[in-house]
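Student: What follows is a structure written as structure tokens; I'll ask about it next.
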Amino acid sequence: MSNCFSGNEAVAYAMKQINPDVMGAFPITPSTEIPEYFAQYVANGEVNTEYVTVESEHSSMSVCIAAEAAGARSVCATSSCGLALMYEMLYVAASCRLPITLACVTRALSGPININNDHSDSMGARDTGWIQIYAENNQEAYDNFIMAMPIGETASVRLPVMTCMDGFITSHAVENIEFLDTEVVRKFVGEYNPENYLLKKENPLAVGPYDISAYYMEHKVLEAEAMKAAKARILEVADEFAKISGRHYGLFEEYRMEDAELAMVLIGSSAGTAKAAVDQLREQGVKAGLIKVRVFRPFPGEELAQALSKTKAVAVMDKSEGFSANGGPLFAETRSALYDLKQRPHLIDIVFGLGGRDLKTEDVENIFARLADIAATGETGPVYTHLGQRQRRK
Amino acid sequence: MKACYEKYFRDNLPHIFCPGCGNGIVMGAWARAMDEMGLENNDCVAISGIGCSSRITTYIDLYTLHTAHGRALPFAIGVKMCKPDMHVFVFSGDGDCAAIGGNHFIHACRRNIDMTLIVINNSIYGMTGGQYSPLTPTGHFATTAPYGNIDPAFDICKIAEASGATFVARGDIYNIRQMIDLIKEGHNHKGFSVIEVVSSCPISYGRRNKINGAPALLRYIKDHSVPVANAAKMSAEEMKGKWPVGVLYKTEAKEYVEAYQELVARLQGGS
């Protein structure tokens, strides 16, 4: 089955195929269409989901937490300030080990108020204990959502999953994508049958009680171990998914990295632009490659270090501001992951695309030219720079 | 635009409101009220949250603070506590004020702090594409209520009165002269003044409720707005689906900043 869908509609469609028990719904640009499409499915009787409209995102996440704790599979969608308003509850969901699935349509955070894409919202939530999987395009947004529950609901993991796609660029652009049959999806995702849940009368459960200092740390360590265990599970689910879809996913995608000396690392829709630029550079004989990080939590540190070990210079592209001399989050973690390599490439951080600022192929080519220069001279120059902003008027 | 109103606007018009939106009418009525009261731009602060109506602070040339969704009132309280001499106006919508910001709303009413809140009620979440709000009437349609809204709607004016607001009024975008007077009276009242303005969203609300086009929606609003004096003489059955417009409630009570200043004076021995 092949169809022209926007990213938002593709995710809503995945939700429909899964037929979750509960959706907590509250609108915010650019994720609004997801609950909107889904409301139509509910109204048409195409799913039997309890669709709960609330007065804020804090409440939509609370609905999901309560439902999931009661043994019901729950889903949600949000963006930007909506995710920020959920912040308190994101930690609760993860620490209660409730495998909720949240579609995060990434958008700049206020302020200044801006509705366009960058990753400041999802990156702000990177340490809440949620698994984070990012999509490059509509197909991946759809696929990632279907893989989310088999990952999060596994006993060794039991963590909520945030599937992220770029606001407007992915959420609103229409692409021809391939859907799986609903029966195939339902079989793949399976039923949600948690061992313990709030309303199980044989084994009543207290969810979210006060955790005194004698126990709190043990619980956080268990959560951290679950996040580590998620890495293997993500790859296992990807393998199973390949069998039903023919599409292969890893923790990140390596594009023309076989013999790459110069590499770029980034997340999300900008990968399309970067791939086009890499192709052009390859034609000119430049050994350029790209790594598109798909899974940011758990962070694939060892694997990234391995993949970049043969390169000479690497540009890490951050679509969120780090406000720190150590760069944005993707750079800080990538560079840290490479610390244990015997021979490390030179690394630079480029903050780009904030609040919807465009990234062009010539921008990518210029960055590779800078990398070539760094590789040749061994001089890194400024490590932490920004791309595409106008100069300040003097 | 007349020159006397122009001074209340920045030079970034035209606004982004859709054709037929009531926000521009409310903004215009507010400017006329400002002019009639002789208020100077720099003696006033306007604060808004998020939503179509909250865009007003982008256009009016006062000290303005465009804040987070539902949170205009806490910001406004901060401004008023810090600068009691400033005239504080808050622009909000039915979603911003009654849903995500509902808690702030009742507590601002309770404190009776001297400011003027204008709630532009278009019965829908306009900006995000027509989801029902707590003020969408039961049975009406929204993208999230394709078969009719089953939720009972709030009466924001009754909530305001019950929560402690000392001036409560309702206007509408047809009776503009009345709206201007209500804004003036609300502003001149010492205490927390709430003015609900029944407004129109032809795109996200009217269209879905078979009230097609801005003129039809304006007529609908006109036909359903009943002056308070007339409403008092009508039966509940006659008032069904209609709303009273005018001053609904007015009383005197201790104003919050004054109470705070008295407390400070008392504890500091009047120094």
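Top line first, the protein sequences correspond to chains A and B. The numbering of the first sequence is our numbering, which starts it at 1 and goes up by one. The numbering of the second sequence is our numbering, which starts it at 1001 and goes up by one. Glycine included, C-beta positions come from ideal geometry on N, C-alpha and C.
1) Check whether the Cβ of Cys81 (chain A) lies closer than 8 Å to any Cβ atom in chain B.
2) Nearest by alpha-carbon distance to Asn176 (chain A): which of A:Asn137, A:Glu36, A:Val157 and A:Tyr197 is it?
3) If you draw a straight line from the alpha carbon of Ala1253 (chain B) to that of Leu1117 (chain B), how long is it in whole angstroms?
4) Can you tell me the Cβ-Cβ gap for Ala67 (chain A) and Val105 (chain A), rounded? I've got them flagged as a contact below 8 Å.
5) Need the endpoints of the beta strand (DSSP E) that Ser1225 (chain B) sits in, please.
6) Within the 8 Å Cβ cut-off, does Ala70 (chain A) reach chain B?
7) Of the choices B:Tyr1008, B:Tyr1005 and B:Gly1024, whose alpha-carbon is the least far from that of Pro1014 (chain B)?
8) Can you pull the chain B residues whose beta carbon is under 8 Å from the beta carbon of Glu50 (chain A), in chain order?
9) Report the partner residues of Glu254 (chain A) according to the DSSP bridge assignment.
10) With distances taken Cα to Cα, identify the nearest neighbour of Ile234 (chain A) among A:Ser31, A:Gly356 and A:Gln132.
11) Let's see if you can read the secondary structure: which residues bound the beta strand (DSSP E) around His1087 (chain B)?
12) Using the Cα positions of Ile1016 (chain B) and Ser1054 (chain B), report the straight-line distance between them to the nearest angstrom.
13) Could you tell me which whole alpha helix (DSSP H) segments of length 4 or greater appear in the region 294-352 of chain A?
14) Compare the beta carbon distance of His977 (chain B) and Gly1070 (chain B) with 8 Å and say whether it is the shorter of the two.
15) Could you name each continuous beta strand (DSSP E) segment of 3 residues or more that falls completely within the region 1110-1172 of chain B, going from the start of the chain to the end?
16) With distance defined between alpha-carbon atoms, name the residue in A:Gln280, A:Ala305, A:Phe331 and A:Thr32 nearest to Asp363 (chain A).
17) Look at Arg1111 (chain B) and Phe1009 (chain B) and say whether their C-beta atoms are less than 8 Å apart.
18) Would you mind working out which of A:Leu199, A:Glu178, A:Thr182 and A:Asn44 sits nearest Cys4 (chain A), comparing C-alpha positions?
19) For Arg1170 (chain B), is the classification buried or exposed, using 16 other Cβ atoms within 10 angstroms of its Cβ as the cut-off for buried?
20) Against chain B, does Ser56 (chain A) count as a neighbour if the rule is that its beta carbon must be under 8 Å from one of theirs?
21) Start and end of the beta strand (DSSP E) containing Trp1243 (chain B)?
22) With a cut-off of 8 Å on the beta carbons, I'd call Asp318 (chain A) and Asp349 (chain A) a contact; round off their distance for me.
23) So is Pro112 (chain A) buried or exposed if we call it buried at 16+ other beta carbons inside 10 Å?
24) Name the DSSP bridge partner or partners of Thr101 (chain A)?
25) Look up Phe179 (chain A) in the DSSP assignment and say whether it is helix, strand or coil.
26) Would you mind reading off the limits of the alpha helix (DSSP H) that contains Ile395 (chain A)?
27) Helix or strand or just coil, what does DSSP make of Gly190 (chain A)?
28) Give the secondary structure of Met1234 (chain B) by DSSP, where H, G and I count as helix, E and B as strand, and everything else as coil.
29) Report all residues from its chain with a CB closer than 6 Å to the CB of Glu333 (chain A); omit the five preceding and five following residues, and keep chain order.
30) Counting contacts by CB-CB distance shorter than 8 Å, is Lys313 (chain A) in contact with chain B?
31) Quick one: which chain D residues come within Cβ less than 7 Å of Tyr1147 (chain B)?
32) So, under 8 Å CB-CB, Tyr13 (chain A) and Asp143 (chain A) are touching, yes? Tell me the CB distance rounded to an integer number of Å.
33) Just checking: is the beta-carbon of Pro20 (chain A) within a distance shorter than 8 Å of some beta-carbon in chain B?
34) What does Leu262 (chain A) pair with, by DSSP beta-bridge criteria?
35) Three or more C-beta pairs closer than 8 Å, one from the region 1194-1201 of chain B and one from the region 1143-1160 of chain B: is that the case here?
36) For Ile113 (chain A), which residues in chain B fall below 7 Å Cβ to Cβ?
Tutor: Well, looking at it:
1) For the purposes of this step, residue 81 (chain A) is taken as residue 81 along the first sequence, with counting starting at 1. At least one chain B Cβ lies under 8 Å of Cys81 (chain A).
2) If you number the first sequence from 1, residue 176 (chain A) lands on position 176. Taking only the C-alpha atoms, the option nearest Asn176 (chain A) is A:Asn137.
3) What you label residue 1253 (chain B) is simply residue 253 of the second sequence in a count that begins at 1. What you label residue 1117 (chain B) is simply residue 117 of the second sequence in a count that begins at 1. The alpha-carbon atoms of Ala1253 (chain B) and Leu1117 (chain B) are separated by roughly 17 Å.
4) As a first step, residue 67 (chain A) must be located in the first sequence, where it is residue number 67. As a first step, residue 105 (chain A) must be located in the first sequence, where it is residue number 105. That pair is no contact at about 21 Å.
5) As a first step, residue 1225 (chain B) must be located in the second sequence, where it is residue number 225. Segment Ser1225 to Pro1227, the beta strand (DSSP E) holding Ser1225 (chain B).
6) Within the first sequence, numbered from 1, the residue matching residue 70 (chain A) stands at position 70. Not an interface residue.
7) Here residue 1014 (chain B) refers to the residue found at position 14 of the second sequence. Answer by Cα proximity: B:Gly1024.
8) What you label residue 50 (chain A) is simply residue 50 of the first sequence in a count that begins at 1. Residues of chain B passing the Cβ test: none, with the nearest at roughly 14 Å.
9) For the purposes of this step, residue 254 (chain A) is identified with residue 254 of the first sequence, where counting begins at 1. For Glu254 (chain A), which the question treats as bridged, DSSP gives the partners A:Ile291.
10) The count along the first sequence starts at 1 and reaches residue 234 (chain A) at position 234. Out of A:Ser31, A:Gly356 and A:Gln132, A:Gln132 has the C-alpha closest to the C-alpha of Ile234 (chain A).
11) For this step, residue 1087 (chain B) is matched to residue 87 along the second sequence. Per DSSP, His1087 (chain B) belongs to the beta strand (DSSP E) from His1087 to Gly1093.
12) Taking the first residue of the second sequence as 1, we reach residue 1016 (chain B) at position 16. Taking the first residue of the second sequence as 1, we reach residue 1054 (chain B) at position 54. Cα to Cα, the separation comes out at about 12 Å.
13) 301-308 and 329-337
14) Coverage of chain B is limited to positions 1001 through 1271, which leaves residue 977 (chain B) absent and any answer about it impossible.
15) 1115-1121 and 1167-1172
16) For the purposes of this step, residue 363 (chain A) is taken as residue 363 along the first sequence, with counting starting at 1. Measuring from the Cα of Asp363 (chain A), the nearest candidate turns out to be A:Gln280.
17) Position 111 of the second sequence, counting from 1, holds the residue named residue 1111 (chain B). Position 9 of the second sequence, counting from 1, holds the residue named residue 1009 (chain B). Cβ atoms of Arg1111 (chain B) and Phe1009 (chain B): not closer than 8 Å.
18) Locating residue 4 (chain A) in the first sequence gives position 4, where the first residue counts as 1. Selected option, being the one with the closest Cα: A:Glu178.
19) Looking up residue 1170 (chain B) in the second sequence gives position 170. It is buried - the Cβ of Arg1170 (chain B) has at least 16 other Cβ atoms within 10 Å.
20) Counting from one through the first sequence, the residue named residue 56 (chain A) turns up at place 56. Yes, its Cβ sits closer than 8 Å to a Cβ of chain B.
21) Here the question's residue 1243 (chain B) lines up with position 243 in the second sequence. Its beta strand (DSSP E) spans residues Trp1243 to Lys1250.
22) Stepping through the first sequence from its first residue, residue 318 (chain A) is reached at position 318. Stepping through the first sequence from its first residue, residue 349 (chain A) is reached at position 349. Asp318 (chain A) to Asp349 (chain A), Cβ: 6 Å. Contact.
23) As a first step, residue 112 (chain A) must be located in the first sequence, where it is residue number 112. With fewer than 16 other Cβ atoms within 10 Å, it is exposed.
24) To locate residue 101 (chain A), count along the first sequence from 1; it is residue 101. Note: Thr101 (chain A) sits in a beta bridge opposite A:Val75 and A:Val161.
25) Locating residue 179 (chain A) in the first sequence gives position 179, counting from the first residue. DSSP places Phe179 (chain A) in coil when its eight states are reduced to three.
26) The structure shown has nothing for residue 395 (chain A), since chain A only spans 1 to 394.
27) As a first step, residue 190 (chain A) is located in the first sequence; it is residue number 190 there, counting from the start. If DSSP states are grouped into helix, strand and coil, Gly190 (chain A) belongs with coil.
28) Here residue 1234 (chain B) refers to the residue found at position 234 when the second sequence is read from its first residue. Here Met1234 (chain B) sits in coil by DSSP.
29) Here the question's residue 333 (chain A) lines up with position 333 in the first sequence. Phe299.
30) As a working mapping, residue 313 (chain A) is identified with position 313 in the first sequence. Looking at the sequence provided, one finds Ala at residue 313 (chain A) rather than Lys. Chain B, which has no Cβ nearer than 8 Å to the Cβ of Ala313 (chain A), makes this no.
31) Among the protein chains in the structure shown, which are A and B, there is no chain D.
32) Within the first sequence, the letter at position 13 stands for residue 13 (chain A). Within the first sequence, the letter at position 143 stands for residue 143 (chain A). Going by Cβ atoms, the distance from Tyr13 (chain A) to Asp143 (chain A) rounds to 12 Å, so no, they are not a contact pair.
33) Walking along the first sequence from the start, residue 20 (chain A) turns up at place 20. No, Pro20 (chain A) does not count as interfacial toward chain B.
34) Working through the first sequence from its first residue, we reach residue 262 (chain A) at position 262. Paired residue(s): A:Ala288 and A:Ala313.
35) yes
36) As a working note, residue 113 (chain A) is residue 113 in the first sequence. Per Cβ cutoff of 7 Å: His1066.
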